[in-house]
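Encoded as structure tokens, the structure appears first; notes follow it.
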Amino acid sequence: MLKKEVKALMGKKFLYFDMDDVLLDTSNYVIKWHNKQWPFGEEKNCGSRDIHNLLNMSWEECWNNLPVEFWESIPFCPWAKQLIELGEHYFPNEV
Numbered sequence: 641m642l643k644k645e646v647k648a649l650m651g652k653k654f655l656y657f658d659m660d661d662v663l664l665d666t667s668n669y670v671i672k673w674h675n676k677q678w679p680f681g682e683e684k685n686c687g688s689r690d691i692h693n694l695l696n697m698s699w700e701e702c703w704n705n706l707p708v709e710f711w712e713s714i715p716f717c718p719w720a721k722q723l724i725e726l727g728e729h730y731f732p733n734e735v
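Just so you know, the sequence shown maps onto residues 641 to 735 in the numbering used here.
Here it is as structure tokens:
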């Protein structure tokens, strides 16, 4: 049965969206959550994904100790709905 399902999916196109900073405003939200200054005003920090270092925090302090409430309440990026709509337009029923 599984072999038949895999065969049916072969050649089919799918579109996957990353969640963090593509659909969900994760970086901005974690900075605000920790009451830290926005680090991306400095050119040297632009493009960095090591947010915990930019906030002068360990990985554990920045990410591992976040409560469930943080993860439940990350807001969508302003463009998220439009991205999803575009994906559904070009890949109907496959987003």
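Cβ atoms here follow ideal geometry from the backbone N, Cα and C, with glycine treated the same way.
Residue i in three-state terms, based on DSSP
i	result
Phe716	strand
Leu655	coil
Leu663	coil
Asn685	helix
Leu706	coil
Pro679	helix
Integer Cβ distance of residue i from residue j, believed to fall under 8 Å
i	j	result
Leu695	Cys702	6 Å
Phe710	Trp678	So it is not a contact: roughly 18 Å between Cβ atoms.
Spatial neighbours of residue i in its chain, beta-carbon cut-off 6 Å, leaving aside the 5 residues before and after
i	result
His692	Trp699, Cys702
Phe680	Cys686
Proximal residues to residue i (C-beta, below 7 Å), its chain only, five neighbours per side dropped
i	result
Leu655	Gly727, Phe731, Glu734, Val735
Opening and closing residue of the alpha helix (DSSP H) in which residue i lies
i	result
Asn693	691 to 694
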